[in-house]
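Just so you know, we're using the working numbering here: the sequence shown kicks off at 3 and counts up by one. Backbone N, C-alpha and C fix where the C-beta goes; we use that ideal spot for every residue, glycine too. So the structure is just underneath, and the comments pick up after that.
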Amino acid sequence: MLTAEIMENGQIVVSGNTVSDSVKHEKIRFMFPDSWKNYQKTAVFGFEDTKVSVVLSPENSLCTGENECYIPFEVINSPGFTVSVFGSQGDSLATSARGEVRVIKSGYEEGDTPLEPTPSEYQQITEIVSEAKQTAQSLRNDADNGLFKGEKGDKGEKGEKGDSGELTKIDANTFYSNTLVGKVSGKVVTFEDVSPLQHKLRIKLSNKNLFDKSAEWTLGGTWLTELMPMISIYVGEGTTVTFSSTKQYKLGELGGGVIYALPVKDLNALDKLQQIQQELAPYLYSDNSTMPIKQSITLTSEDGYVSLLSTDKTVWKAFSENLQVELGEVATDYVAYGDFSGVSLKKYGKNLFDKTISISNPNFVSVGSGYRACSIYVGKGTTVTVSLFEKHETGSGLGYFYVTNGKKGAGKGFWLYHDTTEALCNKSATFESSDGYISLVFTGNVEAFENLAKELQVEIGSVATEYEEYRKPIISPVNCDGEVDVVIDNQNFITLIAGVPDINLSCEYNKDINKIIEKIYKSLGI
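In structure tokens:
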């Protein structure tokens, strides 16, 4: 049996090795520090592009004891696999680094019978929830049959009798609501698979510049006997990021050393570094004439993180004074990483349009020729869909209604309604905001507009979905470190927008297990 000890700082120490081609035979036991107590834990195993997760729960058939499980056979391949763990409890998330496990090639040769794959994490959760339901129902039946009946006590006040009923979806979420943690990031974030249980969203705000030069760097590992300072930034898997310096340094100007930008986090960075060096890819700074220096580098995150790494602490300190890391493919003007005093966060539902706002309201501004426009902030580059859910008959004098991809009616226009030309009437329009805003532009009388706006929806995304009434935003203050906790209630869809433009959001939340299972069932045609 292998053992894996997780340290307080998240490092992991794995003892032992194994032989390839074992199926439901090799086990691994995890030992956690006291700080992980009461966390719902999941182990993640990886080999090349294959990743298999095992939920560490007594109800999971893949587990053989407390914090002990079979190693999925898919990853037990020579020369070795990786293992890590994460744990969640309420709004708290604990993670570990990845440990390496050596695998010795066996003498076994595969037959023709294919093996059943290790159940996915979702299938494991389904099994766990099913087991929990059966256990709870069994206990309820035993209680109803008087199995737990003890000596008669003093008579208490009579209360109302409740329904025994089956275990509900809410109950199921209660048992394992922290098993799945969702992460979303962007200038505007939306999600609809949130757990109905009340919990806190963990939200971190950052301005355009994601790089905090005051943050403590970690040791990236040993390379040419030097310990390399390193900082990793979470941006979301597949997110494109640009690194740039306001000052173009000459070769060797800061001294001996190299500054790297990498599309991965922590231990993976060293593998990626070797690849970059072999390919002689561009660097942010170098003292080596064979390594081309660039004012900016754009790359896409492979695992949700990007990292900055240097071979020299002195070089790192000097270079980081003028460094900017930002979302997108273009290096823009430098903005210092600052505090967020006075910034607020707004939590909406799906629909961002408040139909109670009349066109006589100051939010509607005149844009010439009798047109009035109301601008809604959605974030630069955000895809938005605007829909009318009632078909309106054309009729002269009712006015024109369209939307634009810019503030105050600027930019490209998309027709929704034309009072005389039916070909210009569209149920919905999808487009990308050019400056962070979209505008509703209208000409006509108040009554005509209010009629059109009865079921008007503005939503983030490229698909018109079922209409939802506008929910007045809940506004939460942000502390000076750019952090805010928002308590969610039983909402199906949540949209988060910062109170000022050019603020990036990174949010963690508890997923709704039932919705995840439903999605899996749907994909399987069940």
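query: Asp487, enclosing alpha helix (DSSP H) - first and last residue; result: Premise fails: Asp487 lies in the beta strand (DSSP E), Glu485 to Ile490, not in any alpha helix (DSSP H).
query: Glu470 beta carbon near the ligand FAD (any heavy atom closer than 6 Å); result: The model depicted lacks the ligand FAD and carries no ligand whatsoever.
query: Candidates Leu400, Leu354 and Pro475: closest to Tyr439 by CA position; result: Leu354
query: For Gln493, three-class secondary structure by DSSP; result: coil
query: Nearest residue (CA-CA) to Pro198, options Ile490, Leu329 and Phe49; result: Ile490
query: Val190 versus Val25: straight-line alpha-carbon distance, rounded; result: 45 Å
query: Integer-rounded CB distance, given that Val103 should sit under 8 Å from Gly82; result: 5 Å
query: Any 3 or more C-beta pairs closer than 8 Å across the stretch 293-302 and the stretch 246-254; result: yes
query: Glu331 - containing alpha helix (DSSP H), residue span; result: No alpha helix (DSSP H) contains Glu331, which DSSP labels as neither H nor E.
query: Segment limits, beta strand (DSSP E) that includes Lys185; result: Val183 to Gly188
query: Contact set for Leu4: own chain, Cβ-Cβ below 8 Å, skip 5 residues either direction; result: Val16, Ser17, Gly18, Asn19, Thr20, Glu28, Lys29, Ile30, Arg31, Ile73 and Val103
query: Residues bridged to Pro364 [DSSP beta-bridge criterion]; result: According to DSSP, which records beta bridges pairwise, Pro364 is partnered with nothing at all.
query: Stretch pair the stretch 407-425 + the stretch 321-341: three plus CB contacts closer than 8 Å; result: no
query: Through-space distance from Glu452 to Asn69, alpha-carbon basis; result: 60 Å
query: CB of Leu347 within 7 Å of CB of Val480, strictly; result: yes
query: Ser371 - DSSP class collapsed to helix/strand/coil; result: coil
query: Helix, strand or coil at Ser37 according to DSSP, with G and I counted as helix; result: helix
query: For Phe433 and Phe416, believed in contact at Cβ under 8 Å, the rounded distance; result: 6 Å
query: Cut-off 8 Å between Cβ atoms - residues of its own chain near Asp335, not counting five sequence neighbours on either side; result: none
query: Among Asp305, Thr384 and Ile361, the one whose alpha carbon lies nearest that of Gly188; result: Thr384
query: Rounded C-alpha distance that separates Glu218 from Glu485; result: 18 Å
query: Given Gln459 as reference, the closest of Ile476, Thr396, Thr387 and Ile505 once Cα atoms are compared; result: Thr387
query: Close Cβ partners of Tyr373 (< 6 Å) along its chain, the five nearest in sequence each way excluded; result: Val443 and Thr445
query: Cβ neighbours of Val105 in the same chain (closer than 8 Å, five flanking residues each side left out); result: Asn19, Thr20, Val21, Ser22, Ile78, Asn79, Ser80, Pro81, Gly82 and Phe83
query: Gly351, DSSP secondary structure in three states; result: coil
query: Residue of Glu323, Lys352 and Thr302 minimising C-alpha distance to Glu331; result: Thr302
query: According to DSSP, residues forming a beta bridge with Gly89; result: Lys43 and Ala96
query: Tyr350 vs Thr497 beta-carbon contact at 7 Å; result: yes
query: Separation of Asn516 from Leu169, as counted between CA atoms; result: Only weak support exists for where Leu169 lies, its pLDDT of 49 falling under 50; the coordinates are left without a value.
query: Start and end residues, alpha helix (DSSP H) containing Glu449; result: Val448 to Leu454
query: Exposed unless 16 or more other CB atoms sit within 10 angstroms - verdict on Lys210; result: buried
query: Inter-residue Cα distance where the pair is Pro213 and Phe47; result: Just to set this straight, residue 213 is Phe in the shown sequence, not Pro. Between Phe213 and Phe47, the C-alpha separation is close to 31 Å.
query: Proximal residues to Lys409 (C-beta, below 7 Å), its chain only, five neighbours per side dropped; result: Ser377, Asp437, Tyr439 and Ser441
query: Helix, strand or coil at Gly411 according to DSSP, with G and I counted as helix; result: helix
query: Outcome for Val196 when other beta-carbon atoms lying within 10 angstroms are tallied against a minimum of 16; result: buried
query: Status (buried if at least 16 other CB within 10 Å, exposed otherwise) for Thr227; result: Unreliable placement is indicated for Thr227, whose pLDDT of 38 sits below 50; no coordinate value is reported for it.
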